[in-house]
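Q:
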Amino acid sequence: MLRGPALRRAALAAVAVALAAGCTPDTVGGGVDAPPAPTSTAPGGGAPTSTAPTSTASGSPAGSTPTSDAKPPSPSATFPTAEPSTGQPGPKPLMGDGDESEQVRELQARLRQLDFFDRAPTGFYGTITTASVKKFQAHRDLPETGSVDGATWKELLSVSMKPTADELKPSTTNKLAAPDPRCMTGRVMCISKESRTLAWMIDGKVVSSVDVRFGSENTPTREGLFKVEWKAKEWTSTIYHTPMPYSMFFSRGQAVHYSSDFAARGYNGASHGCVNVRDRAKLAALFDQVKVGDKVVVYW
């Protein structure tokens with residue numbers, strides 16, 4: 603066993619061998635974070651010269667150009683990092699539940715061309731339109747939101763035609779019934795419960811027509827011959843507190859008026875006795891033509 607000075611001489615000899623081989627305790631194993639090799643000053647005070655080993659880790663001769671950097675590239679140099687979040691909300695819907703506009707009418711007409719909307723366009727975006735949009739989005743592999751954003755609208759435009767005037771505002775969804783004989787003279791709103799239509803007639807000729815909905819079994823719409831008693835472009839029910847735009851009253855509180863619920867739910871609902879119209883634009887035009895005193899006929 604070595605002791606004292608002999609042990610120290612052995613240790614120094616080991617270090618000298620290691621230096622001659624070009625490796626230090628920090629560089630053994632080829633760690634990529636190893637410190638640079640020590641340098642020495644050239645004779646005469648010239649530029650420093652490296653005391654690095656005469657061969658590289660890859661076995662290339664000293665002084666040759668390495669084929670790659672010793673330190674691997676950072677992840678961001680090879681794989682671009684994702685863009686930071688802008689914190690902005692997602693695309694704003696162009697149209698959605700509760701909207702009412704001519705663009706909604708065009709949406710419905712285009713969906714109808716593709717058999718995703720099964721009724722005449724109303725211009726009101728309700729539950730039926732929402733369901734139709736979802737079906738279209740599912741068919742085109744778009745997010746099924748039920749509202750129309752830029753991507754959905756662009757896709758719909760690409761697969762449908764510009765609607766004609768008749769597609770945007772067809773006379774009615776339902777076929778008109780044969781008019782009641784009382785409708786054949788004068789100015790009359792001829793309202794058929796069988797066909798669920800209202801025909802505006804003058805001297806036996808149909809001027810315009812709209813789809814209508816009636817009261818439920820508990821609140822039926824009265825039948826018979828009436829006349830327009832009074833009109834109100836803006837009105838709210840004093841009993842049910844619901845809006846009744848373009849009201850034309852004909853029988854003790856019962857009126858022909860626009861119904862957003864009818865526009866949204868169709869025949870899944872019913873009125874409290876009034877004659878509901880779901881096409882607001884066409885009813886507005888009718889409202890301007892009908893006068894107090896004109897006849898109203900409600901029949902089967």
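Residue numbers (the numbering used here): 603 to 902.
Glycine is no exception: its CB is placed at the ideal position from the N, C-alpha and C atoms.
Here's the rule: buried if 16 or more other CB atoms are within 10 angstroms of the residue's CB, otherwise exposed. What is V809?
A: As a working mapping, residue 809 is identified with position 207 in the sequence shown. Its Cβ having fewer than 16 others within 10 Å, V809 is exposed.
Q: Compare the beta carbon distance of Q705 and M697 with 8 Å and say whether it is the shorter of the two.
A: Indexing the sequence shown from 1 puts residue 705 at position 103. Indexing the sequence shown from 1 puts residue 697 at position 95. Yes; because the gap between Cβ atoms is below 8 Å, this pair is in contact.
Q: Looking only at its own chain, which residues have a Cβ that is under 7 Å from the Cβ of S765, when we skip the five neighbours before and after it?
A: The residue given as residue 765 occupies position 163 in the sequence shown. According to the sequence displayed, residue 765 carries Pro and not Ser. Same-chain partners within the cutoff: E708, A711 and R712.
Q: Helix, strand or coil for P674? Go by DSSP, reduced to three states.
A: Mapped onto the sequence shown, residue 674 falls at position 72. Since pLDDT at P674 reaches only 37, below the 50 mark, its modelled position is unreliable, and the value read off the structure follows with that caveat. Under the three-state reduction of DSSP, P674 is assigned to coil, being neither helix nor strand.
Q: Under 8 Å, with one C-beta from each stretch per pair, do the segment 799-814 and the segment 832-845 reach the 3-pair mark?
A: no
Q: For T821, I'd like the list of residues in its chain whose CB is within less than 6 Å of its CB, leaving aside the five on either flank, ordered along the chain.
A: Your numbering for residue 821 matches position 219 in the sequence shown. Excluding positions up to five away in sequence, the list reads H874 and G875.
Q: Look at V899 and D782 and say whether their C-beta atoms are less than 8 Å apart.
A: On the sequence shown, residue 899 is found 297 positions in, with the first residue counted as 1. On the sequence shown, residue 782 is found 180 positions in, with the first residue counted as 1. In contact: V899 and D782 (Cβ atoms closer than 8 Å).
Q: Go through its chain and collect everything with a Cβ distance to Q856's Cβ below 7 Å, but skip five positions before and after it.
A: In the sequence shown, the residue the question calls residue 856 occupies position 254. Beyond the five residues adjoining it in sequence on each side, Q856 comes within less than 7 Å, by CB distance, of T823, R824, G875 and C876 in the same chain, given in chain order.
Q: Rounding to the nearest angstrom, what Cα-Cα distance links R867 and I730 in this structure?
A: For the purposes of this step, residue 867 is taken as residue 265 along the sequence shown, with counting starting at 1. For the purposes of this step, residue 730 is taken as residue 128 along the sequence shown, with counting starting at 1. Answer to the nearest angstrom: the Cα atoms are 6 Å apart.
Q: If we ignore side chains and look at the alpha-carbon of each, how far apart do K737 and T747 end up?
A: For the purposes of this step, residue 737 is taken as residue 135 along the sequence shown, with counting starting at 1. For the purposes of this step, residue 747 is taken as residue 145 along the sequence shown, with counting starting at 1. Here the alpha carbons of T747 and K737 stand approximately 10 Å from one another.
Q: Under 7 Å Cβ to Cβ from A715, same chain only, skipping five residues before and after it: list those, please.
A: Start at 1 with the first residue of the sequence shown, and residue 715 comes out as number 113. According to the sequence provided, residue 715 is Gln. The question's Ala does not apply to it. Apart from the 5 residues on each side of it in sequence, Q715 sits with its Cβ closer than 7 Å to the Cβ of S762 and M763 in its chain, given in chain order.
Q: With C-beta atoms as the reference, is G728 less than 8 Å away from D751?
A: The residue given as residue 728 occupies position 126 in the sequence shown. The residue given as residue 751 occupies position 149 in the sequence shown. No; because the gap between Cβ atoms is not below 8 Å, this pair is not in contact.
Q: Taking the alpha-carbon of N878 as reference, which of M850, T840 and D805 has the nearest alpha-carbon?
A: Here the question's residue 878 lines up with position 276 in the sequence shown. Cα-wise, what sits closest to N878 is M850.
Q: Please list, in chain order, all residues of the same chain as S853 whose beta carbon is under 7 Å from its beta carbon, the five residues on each side excluded.
A: Sequence index remark: in the sequence shown, residue 853 carries index 251 (1-based). So the list reads R824 and F828, once near-sequence residues are dropped.
Q: Using CA atoms only, rank isn't needed, just tell me which of V790, M786, P845 and D717 is closest to V894.
A: Translated into the one-based positions of the sequence shown, residue 894 becomes position 292. Cα-wise, what sits closest to V894 is V790.
Q: My output table needs one value for E819: the three-state DSSP class, helix, strand or coil.
A: As a first step, residue 819 must be located in the sequence shown, where it is residue number 217. E819: coil per DSSP, three-state reduction.
Q: DSSP has Y842 in a bridge; who is on the other side?
A: Locating residue 842 in the sequence shown gives position 240, counting from the first residue. Answer is none; Y842 lacks a bridge partner.
Q: Where does the unbroken alpha helix (DSSP H) through V735 begin, and where does it stop?
A: To locate residue 735, count along the sequence shown from 1; it is residue 133. V735 -> alpha helix (DSSP H) spans T729 to H741.
Q: Between T754 and R742, what straight-line distance do the alpha-carbon atoms span, to the nearest angstrom?
A: Locating residue 754 in the sequence shown gives position 152, counting from the first residue. Locating residue 742 in the sequence shown gives position 140, counting from the first residue. C-alpha separation (whole angstroms): 9 Å.
Q: Run through the DSSP bridge pairs and tell me what A857 is partnered with.
A: As a first step, residue 857 must be located in the sequence shown, where it is residue number 255. Note: A857 sits in a beta bridge opposite F851.
Q: Just checking L888 against the ligand FMN - is the residue's beta carbon closer than 7 Å to any of the ligand's heavy atoms?
A: No copy of the ligand FMN occurs in the structure displayed, which carries no ligand at all.
Q: Measuring CB to CB, does L778 end up less than 8 Å from S797?
A: Looking up residue 778 in the sequence shown gives position 176. Looking up residue 797 in the sequence shown gives position 195. Yes, the pair counts as a contact, with Cβ atoms nearer than the cut-off.
Q: Tell whether a beta-carbon distance below 8 Å holds between G725 and E757.
A: Here residue 725 corresponds to residue number 123 of the sequence shown, with the count starting at 1. Here residue 757 corresponds to residue number 155 of the sequence shown, with the count starting at 1. For G725 and E757, no; Cβs fall outside 8 Å.
Q: With H, G and I counted as helix, E and B as strand and the rest as coil, what does DSSP make of T761?
A: Locating residue 761 in the sequence shown gives position 159, where the first residue counts as 1. Thr is not the amino acid found at residue 761; the sequence shown has Val there. Looking at V761 - three-state DSSP - the assignment turns out to be helix.
Q: Please report the straight-line C-alpha distance between D896 and L744, rounded to a whole angstrom.
A: Taking the sequence shown and counting its residues from 1, the one referred to as residue 896 is at position 294. Taking the sequence shown and counting its residues from 1, the one referred to as residue 744 is at position 142. Straight-line Cα distance between these residues: approximately 51 Å.
Q: What three-state label does DSSP hand L888 in the structure shown?
A: For the purposes of this step, residue 888 is taken as residue 286 along the sequence shown, with counting starting at 1. In this structure, L888 counts as helix in the three-state DSSP scheme.
Q: How should K733 be labelled, buried or exposed, when 16 other C-beta atoms within 10 angstroms of its C-beta is the threshold for buried?
A: As a first step, residue 733 must be located in the sequence shown, where it is residue number 131. Going by the sequence as given, residue 733 is Ala instead of Lys. That one is exposed.
Q: Would you mind sorting I793 into buried or exposed? The rule is 16 or more other CB atoms within 10 Å of its CB.
A: What you label residue 793 is simply residue 191 of the sequence shown in a count that begins at 1. By the 10 Å Cβ count, I793 comes out buried.
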